[in-house]
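As structure tokens, the structure follows; a few thoughts come after it.
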Amino acid sequence: MNDLDLTVEKLQRRLAREKRAKQEAEKLLEEKSLDLYRANQQLSTFAANLEKIVEQRTHELKIALLKAEAATRAKTEFLATISHEIRTPLNGVIGMASILIDTPLDDEQLNFVQVIDTCGKSLLSLINDILDLTKIESGNLELEQQTISIVDEFLNCLTMLEGQAAKQQVTLRKTFSPNIPDYVLGDATRLKQIVTNLLSNAIKFTDQGNVTLNVDVIEKTHSTVTFKISVSDTGIGIPSDKIDCLFKPFSQVDSSTTRKYGGTGLGLAICAKLVNLMGGEIGVESEYGKGTTFFFTFTAQLATQEVSTKTHHATQQGNELLSILIVEDNLINQKVLQISLKKLGFTNVTIANDGMECVELFNAQTFDVIFMDMQMPRLDGLDATRIIRSLDLAKPPYIIALTANAFQEDVKLCKEAGMNDFLAKPLDTKILKEKIELLNKQIEF
Amino acid sequence: MKGMVFTEFFNLVETAFGADMLDDIIDDANLPNDGAYTAVGTYDHMELVAMVVALSTRSGMPVPDLVKTFGTYLFGRFVALYPKFFTDVNDSFVFLSGIEDIIHAEVLKLYPDASLPKFDVQIEGDELIMTYHSNRHFADLAEGLIIGAAQHFNENFEIVKTNLDENSTEFRITR
Numbered sequence: 433m434n435d436l437d438l439t440v441e442k443l444q445r446r447l448a449r450e451k452r453a454k455q456e457a458e459k460l461l462e463e464k465s466l467d468l469y470r471a472n473q474q475l476s477t478f479a480a481n482l483e484k485i486v487e488q489r490t491h492e493l494k495i496a497l498l499k500a501e502a503a504t505r506a507k508t509e510f511l512a513t514i515s516h517e518i519r520t521p522l523n524g525v526i527g528m529a530s531i532l533i534d535t536p537l538d539d540e541q542l543n544f545v546q547v548i549d550t551c552g553k554s555l556l557s558l559i560n561d562i563l564d565l566t567k568i569e570s571g572n573l574e575l576e577q578q579t580i581s582i583v584d585e586f587l588n589c590l591t592m593l594e595g596q597a598a599k600q601q602v603t604l605r606k607t608f609s610p611n612i613p614d615y616v617l618g619d620a621t622r623l624k625q626i627v628t629n630l631l632s633n634a635i636k637f638t639d640q641g642n643v644t645l646n647v648d649v650i651e652k653t654h655s656t657v658t659f660k661i662s663v664s665d666t667g668i669g670i671p672s673d674k675i676d677c678l679f680k681p682f683s684q685v686d687s688s689t690t691r692k693y694g695g696t697g698l699g700l701a702i703c704a705k706l707v708n709l710m711g712g713e714i715g716v717e718s719e720y721g722k723g724t725t726f727f728f729t730f731t732a733q734l735a736t737q738e739v740s741t742k743t744h745h746a747t748q749q750g751n752e753l754l755s756i757l758i759v760e761d762n763l764i765n766q767k768v769l770q771i772s773l774k775k776l777g778f779t780n781v782t783i784a785n786d787g788m789e790c791v792e793l794f795n796a797q798t799f800d801v802i803f804m805d806m807q808m809p810r811l812d813g814l815d816a817t818r819i820i821r822s823l824d825l826a827k828p829p830y831i832i833a834l835t836a837n838a839f840q841e842d843v844k845l846c847k848e849a850g851m852n853d854f855l856a857k858p859l860d861t862k863i864l865k866e867k868i869e870l871l872n873k874q875i876e877f
Numbered sequence: 056m057k058g059m060v061f062t063e064f065f066n067l068v069e070t071a072f073g074a075d076m077l078d079d080i081i082d083d084a085n086l087p088n089d090g091a092y093t094a095v096g097t098y099d100h101m102e103l104v105a106m107v108v109a110l111s112t113r114s115g116m117p118v119p120d121l122v123k124t125f126g127t128y129l130f131g132r133f134v135a136l137y138p139k140f141f142t143d144v145n146d147s148f149v150f151l152s153g154i155e156d157i158i159h160a161e162v163l164k165l166y167p168d169a170s171l172p173k174f175d176v177q178i179e180g181d182e183l184i185m186t187y188h189s190n191r192h193f194a195d196l197a198e199g200l201i202i203g204a205a206q207h208f209n210e211n212f213e214i215v216k217t218n219l220d221e222n223s224t225e226f227r228i229t230r
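Protein sequences appear in the order of chains R and L.
To convert, count from 1 in the first sequence and add 432; that's this note's numbering.
To convert, count from 1 in the second sequence and add 55; that's this note's numbering.
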């Protein structure tokens with residue numbers, strides 16, 4: 433074999449080797465492609481399944497959400513209805529009991545009536561507390577931002593509780609820091625609710641001693657001020673192991689205490705939630721047998737007093753001259769209000785059984801004040817108010833909504849319809865008196 | 056057309072006519088890639104046609120005979136390269152009936168863009184009627200493949216070929 437033949441053979445072997453390598457590569461490529469194809473198939477099946485599962489879960493969640501929302505709505509509606517239904521007869525019970533107390537009674541009878549009165553009022557406060565708590569928990573409570581004087585509001589709380597304190601032989605004391613600004617922006621009703629609750633608790637658990645309200649300013653910037661408010665008593669104190677559950681709903685320090693001191697166990701839970709809503713903190717320090725201090729903090733914007741442009745004629749008018757119209761379909765409620773007003777010296781009182789009668793009365797005459805029920809047959813209080821507000825009256829009446837619907841939304845509805853004020857049933861004669869006296873100053877004669 | 060048809064054609068030409076013949080027809084056909092084909096690529100079928108024509112000219116054998124021979128050879132290569140399609144099949148009619156649904160389905164997995172010929176198959180008594188549809192006019196290749204199948208399954212086919220229209224050819228097969 434010569435060199436050329438050897439070279440050719442070598443080259444042929446090389447060629448064959450290259451060919452085999454190429455075929456091997458092509459085979460491998462096909463195999464890998466097939467693997468890739470299968471992996472792709474698996475992935476798309478997996479993705480499709482996943483999508484199906486996500487879709488299904490989303491659907492389930494949507495249904496669950498709808499159900500939850502429906503349940504919440506049902507709960508709110510149920511509460512509104514129950515609240516209304518309980519308040520209406522309770523109005524009769526408390527109203528009649530307070531009227532009955534002022535009639536000639538022997539000691540035993542007086543005691544019975546006072547029990548009715550007390551029970552009625554505690555039932556009412558329980559309903560109010562439950563309504564409050566539910567509302568806060570459902571996130572429906574919006575804090576107002578009014579210009580308020582902290583000192584005035586808290587002094588008010590103390591004044592309101594003087595009677596309760598005297599009964600318990602408790603001395604109420606107060607220390608207000610000199611740094612307190614004249615006016616801040618805040619929700620007066622809710623701040624008073626917290627302070628009143630803490631004070632009332634302190635008095636309840638103190639037999640002969642002191643309860644002190646202390647208002648401090650702990651921080652002040654050019655636009656805000658942070659308060660620390662504390663209520664200290666020299667009462668029975670709280671065992672340290674019970675402190676943790678104090679702010680939980682329906683918790684009492686113990687059942688025997690519940691018997692002795694009563695209460696719903698909701699007050700502090702409501703306070704805690706309100707303080708929370710205001711962005712503050714609430715806490716307690718107590719020594720068993722020596723006394724307790726509850727405190728809370730909150731930050732408020734500084735405010736300047738708005739100068740009222742309204743001029744009020746301070747002329748006091750004889751109560752008998754004020755013409756009052758009661759618009760109310762419930763006979764007992766008519767009677768309770770009429771008697772309560774009579775006791776306050778208002779004798780010029782007319783009654784309309786529903787909104788329609790009320791509007792008809794305005795064809796011939798006019799009234800200074802209307803107590804307007806909200807839910808009535810034929811024409812409800814809101815529509816009646818709107819009609820009266822549309823009349824061209826020389827002296828538009830002062831309209832006070834009077835209703836068992838105790839929700840904040842109702843207050844808003846009343847104001848939008850053109851009412852001036854709002855009284856929740858059952859009617860508290862003390863509040864009625866305050867409103868009427870304020871009214872006497874406001875109405876221009 | 057799939058690259059493996061080209062590479063197998065090269066194999067056949069090389070084996071039957073020699074490497075020089077292959078070089079010559081590649082030159083004659085004036086191919087755009089100078090004959091650098093790979094089994095996993097896809098190429099214009101007219102390039103194959105050009106090479107077959109060149110081979111026919113050089114060898115003096117008619118084009119249809121060459122194509123048919125190549126089809127028969129190609130079938131044998133399929134068996135060698137893709138044995139899994141043949142392991143459980145013992146009957147040629149069963150195999151021919153499954154080309155469309157089994158083999159072409161697998162090809163499409165690897166080459167989703169492949170444009171494959173279509174085979175309609177029906178069995179009438181002892182006769183299998185296979186209709187080839189393609190605009191590439193490789194009915195002769197199909198016939199060669201059918202003959203290859205008969206050889207693989209050790210059967211004797213009698214094939215009657217009828218052109219139905221420009222793109223369709225019918226094969227009536229008895230054995």
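Idealized CB from N, CA, C, for every residue including glycine.
Closest option to Asn852 (chain R), judged by alpha-carbon separation, among R:Ala453, R:Leu834, R:Asp619: R:Leu834. The segment 634-649 of chain R makes contact with the segment 599-608 of chain R; the number of CB pairs closer than 8 Å reaches 3 or more. Along the segment 165-194 of chain L, going in chain order, the ones with a CB nearer than 7 Å to a CB of chain R are Leu165. Scanning L:Val68, L:Asp168, L:Asn211 for the CA closest to the CA of Val122 (chain L) turns up L:Val68.
In this structure, DSSP gives Asn646 (chain R) an extended state, which the three-state scheme calls strand.
Using a CB distance below 7 Å, the part of the segment 70-96 of chain L facing chain R consists of Thr93, Ala94, Val95, ordered along the chain.
8 Å or more divides the Cβ of Ile756 (chain R) from the Cβ of Phe727 (chain R). In this structure the segment 208-218 of chain L lies against the segment 138-158 of chain L, because at least three pairs of beta carbons, one per stretch, are closer than 8 Å. For the segment 464-483 of chain R, the beta-carbon criterion of a distance under 7 Å to any beta-carbon of chain L is satisfied by Ser465, Leu466, Tyr469. Assignment of Gly90 (chain L) by DSSP, reduced to helix, strand and coil, places it in the coil class. In this model, Asp99 (chain L) and Gln455 (chain R) are separated by some 21 Å (Cα to Cα). Secondary structure of Thr725 (chain R) (DSSP, three-state): strand. When C-beta atoms of the segment 573-586 of chain R are compared with those of the segment 520-537 of chain R, fewer than three pairs fall below 8 Å, so the two segments do not count as touching. Under the Cβ criterion of 8 Å, Glu441 (chain R) is not counted among the residues facing chain L.
Contact annotation for Lys507 (chain R) against chain L: no contact, minimum CB-CB distance about 58 Å [criterion: below 8 Å]. If the five residues before and after Arg227 (chain L) are omitted, its C-beta is found closer than 7 Å to the C-beta atoms of Glu182, Ile184, Val215, all from its own chain and listed in chain order. Looking from the CA of Thr658 (chain R), the closest CA among R:Val768, R:Leu709, R:Thr731, R:Asp665 belongs to R:Thr731.
DSSP places Lys553 (chain R) in the uninterrupted alpha helix (DSSP H) bounded by 539-569. The beta carbon of Leu461 (chain R) sits closer than 8 Å to some beta carbon of chain L. The straight-line gap separating the alpha-carbon atoms of Glu102 (chain L) and Thr62 (chain L) is approximately 12 Å. Taking the C-beta atoms as reference points, Ala784 (chain R) is found no nearer than 8 Å to Val801 (chain R). Setting aside the 5 residues that flank it on each side, Ala194 (chain L) is surrounded in the same chain by Tyr187, Lys216, Asn218, Thr224, each with a C-beta closer than 8 Å to its C-beta; the list follows chain order. Using beta-carbon distances, Glu456 (chain R) does not count as an interface residue toward chain L, since no partner is under 8 Å. If you draw a straight line from the Cα of Leu447 (chain R) to the Cα of Ile485 (chain R), it comes to about 56 Å. Counting along the chain, the unbroken alpha helix (DSSP H) around Gln770 (chain R) starts and ends at 763-775. Beta-bridge analysis with DSSP links Tyr615 (chain R) to no other residue. Contact annotation, Leu706 (chain R) with Arg622 (chain R): C-beta distance approximately 5 Å; criterion of less than 8 Å satisfied.
Nearest to Gly618 (chain R) by C-alpha distance, out of R:Asp549, R:Gln541, R:Ala735, is R:Ala735.
By the Cβ neighbour-count rule, Gln766 (chain R) is buried, with 16 or more other Cβ atoms within 10 Å of its own. Going by DSSP, Arg605 (chain R) is part of the beta strand (DSSP E) stretching over 602-608.
Around the Cβ of Leu870 (chain R), a 10 Å sphere holds fewer than 16 other Cβ atoms; the residue is exposed. Boundaries of the alpha helix (DSSP H) harbouring Gly813 (chain R): 813-822, taken from the DSSP string. For Thr520 (chain R) against Ala836 (chain R), the beta-carbon gap comes to about 5 Å, under 8 Å, which counts as contact. Contact annotation: Gly126 (chain L) and Leu200 (chain L) have beta-carbon atoms nearer than 8 Å.
When the beta-carbon positions are compared, Val525 (chain R) and Ile562 (chain R) stay at least 8 Å from each other.
Using a Cβ distance threshold of 8 Å, Thr779 (chain R) and Leu793 (chain R) do not count as a contacting pair.
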